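Everything below concerns the one structure shown next.
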Ligand SMILES: Nc1ncnc2c1ncn2[C@@H]1O[C@H](COP(=O)(O)OP(=O)(O)OP(=O)(O)O)[C@@H](O)[C@H]1O
Ligand SMILES: [Mg+2]
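Protein chains in written order, with the numbering used here: chain A, 1 to 254; chain B, 1001 to 1261.
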């Protein structure tokens, strides 16, 4: 369970002005919102990658900002983070990048063969051909491949919670569907809690148990996908309608 | 009437605050580095890689700089000698200028360009592409993986490079003195020894250690504070270079009153 409590964050201008949100254990939760509203910032506060000016985050009862610093270490082990821009380490190849997803003590416990099997399996899960890419550097991969290596790195440690920052943006329709299935499978089979930031509103609504919309620094809406579709709120409406229009356009093109 | 004055005070206040912030962050960064060394979190392999990049790969440019510095000092010194002053003075002049000032300062300036700018751009890119965040999210400490090896390598490399620059600069000056005004090797060295204090070598060495600490600390610090895309990286790198050169010149100016009496 992740609880965001009264999160405030300003950079030059206020970005988040009091966000309260709880994502239950095992839940699939989608967070929508226009570009630049602070979705990534909110997600980053979970691991203290961005420190809020005010407020706290609790993960499974452990406070990130008000507890001892060992909390953060425990929380970072529980959580896998898929970064919006993949964030692969430039100087490491795919194999090294994915194995970095395991905690150091676990790496030293595994034999080389075990480690490499683990990396291999994880790459297959994200639909990549290990043989072809294991020794490639990130600069030699396409954007979509980088994204999937980033996902592999986030899930290789078998986290209990996954934070997905736009995992399907920039993927072709086939890989988008594959990643969506993966997110779904992880949460149903392994009961992984997923918080998903996405611009694919239709996809998010179909997959998730609950959704929220961030707009103007606070949550404009929290509820089930059906409630979201039926919401009378004009801002939400505009978002749903536009998303529907774009989805229709996509269908026409494909 | 009041506004410009207020504005001026606000500006002074702001830059004062910004300076203090930077100083505080630099101190923290040095401290964190010490902690990660003490807790053995820094990998030897990372340090060796940085030593190679900073040290070995800098030798050619340091060689060229030191040679030119020796030659120019020798020529200008020779030009200023008047007929009544003894020629061996040129030996004193060249050796003192090279050891006390030119070798440490020029080597530091060269390293700002070669190492400092590179570190800031590298780390800045890692920040804007979320790689630093990724390190943290995976429970790794960017200070011990990225910052500390660079800072340690800087402190170790700089005195060695300055020692190298001393040898090259003095020899270049000596050759030039022979070529230019026919001053023999013996006479040159006689002049050099006449005014030599072993303290001078320590003085140059101390300078080089301080420069060797400041260049990577400032460049890492600035790199980690990079914001916004490729443009941000460019901007931050330029700022870091200005910041490093100014700090080096200021530190250089503080040395004589502190250590030369
Ligand atoms: N480290 C930072 N320093 C300064 N400003 C920042 C920083 N990180 C984010 N911001 C600002 O905070 C705001 C929200 O950014 P954020 O990346 O969270 O948006 P987002 O909702 O994820 O948008 P997108 O859908 O485009 O990814 C933006 O205006 C951004 O410029
Ligand atoms: Mg974002």
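Just so it is clear, CB atoms sit at the ideal spot from N, CA and C, and this is done for glycine as well.
These numbers were taken from a predicted model, which means no experiment stands behind them.
Check, Outcome
"Indicate, with yes or no, if ligand 2 has a heavy atom lying under 8 Å from the CB of residue 40/A.", "yes"
"Determine, using beta-carbon pairs with one atom in the region 1180 to 1199 of chain B and one in the region 1115 to 1128 of chain B, whether at least three such pairs fall under 8 Å.", "no"
"Does the region 1234 to 1249 of chain B touch the region 1084 to 1095 of chain B, meaning 3 or more C-beta pairs lie closer than 8 Å?", "no"
"Using the beta-carbon of each residue, which ones in chain B are nearer than 7 Å to residue 49/A?", "1133, 1136, 1137"
"Could you work out which residue in 1074/B, 1124/B, 1131/B is closest to residue 1235/B when comparing CA atoms only?", "1124/B"
"Report yes or no: is there a C-beta of chain B within less than 9 Å of the C-beta of residue 219/A?", "no"
"Looking at the structure shown, is residue 221/A part of a helix, part of a strand, or coil, going by DSSP?", "strand"
"Buried or exposed for residue 95/A, please, with buried defined as at least 16 other CB atoms from any protein chain shown within 10 angstroms of its CB.", "buried"
"Between residue 1126/B and chain A, is the shortest Cβ-Cβ distance under 9 Å, so that the two count as touching?", "yes"
"How is residue 9/A classed by DSSP in three states: helix, strand or coil?", "strand"
"Does DSSP put residue 975/B in a helix, in a strand, or in coil?", "This structure does not reach residue 975/B, given that chain B is present from 1001 up to 1261, and the question cannot be answered."
"To test your reading of the DSSP string, which unbroken alpha helix (DSSP H) runs of 4 or more residues are found completely within the region 1089 to 1166 of chain B?", "1089 to 1096, 1103 to 1111, 1117 to 1128, 1131 to 1137"
"Could you please give me the residues that DSSP links to residue 80/A through a beta bridge?", "162/A"
"Terminal residues of the continuous beta strand (DSSP E) containing residue 22/A?", "14 to 23"
"Is it true that the CB of residue 204/A sits closer than 9 Å to the CB of residue 225/A?", "yes"
"Can you tell me the Cα-Cα spacing of residue 1251/B and residue 69/A, whole angstroms?", "37 Å"
"Closest to residue 1171/B by CA distance: which of 1069/B, 1147/B, 1129/B is it?", "1069/B"
"What would DSSP say about residue 210/A, mapped onto helix, strand or coil?", "strand"
"What do you get for residue 1006/B, buried or exposed, if any count of 16 or more other CB atoms within 10 angstroms of its CB means buried?", "exposed"
"Check whether the Cβ of residue 209/A sits closer than 8 Å to any heavy atom of ligand 2, and report yes or no.", "no"
"Using the Cα positions of residue 257/A and residue 1107/B, report the straight-line distance between them to the nearest angstrom.", "Coverage of chain A is limited to positions 1 through 254, which leaves residue 257/A absent and any answer about it impossible."
"Measuring only the C-alpha atoms, how far is residue 1035/B from residue 239/A?", "50 Å"
"With contact counted as at least three CB pairs below 8 Å, one residue from each stretch, are the region 9 to 18 of chain A and the region 206 to 220 of chain A in contact?", "yes"
"Decide yes or no for the touch test of the region 44 to 51 of chain A against the region 71 to 78 of chain A: beta carbon pairs closer than 8 Å, at least 3 of them.", "yes"
"If you run the structure through DSSP and keep just helix, strand and coil, what is residue 35/A?", "coil"
"Looking only at its own chain, which residues have a Cβ that is under 6 Å from the Cβ of residue 161/A, when we skip the five neighbours before and after it?", "78, 79, 193"
"For residue 185/A, count neighbouring C-beta atoms within 10 Å of its own C-beta (all shown protein chains included) and say buried if the count is 16 or more, exposed if not.", "exposed"
"Please say whether residue 76/A and residue 1139/B have beta carbons closer to each other than 9 Å?", "yes"
"With 16 as the cutoff for other CB atoms within 10 Å, does residue 1012/B come out buried or exposed?", "exposed"
"Can you have a look at residue 85/A and say buried or exposed, based on whether 16 or more other CB atoms are within 10 angstroms of its CB?", "buried"
"Contact between the region 1075 to 1083 of chain B and the region 1175 to 1183 of chain B: three or more CB pairs below 8 Å?", "yes"
"Is there at least one non-hydrogen atom of ligand 2 closer than 8 Å to the beta-carbon of residue 197/A?", "yes"
"Got a sec: does ligand 1 put a non-hydrogen atom nearer than 8 Å to the Cβ of residue 166/A?", "yes"
"Would the beta-carbon of residue 1066/B fall within 9 Å of that of residue 1023/B?", "no"
"Starting from the beta carbon of residue 106/A, find every residue of chain B whose beta carbon is closer than 9 Å, and list them in chain order.", "Those do not exist, as residue 106/A stays about 11 Å from chain B at its closest Cβ, beyond 9 Å."
"On the criterion of 16 or more Cβ atoms from any shown chain inside 10 Å, does residue 1221/B qualify as buried, or is it exposed?", "buried"
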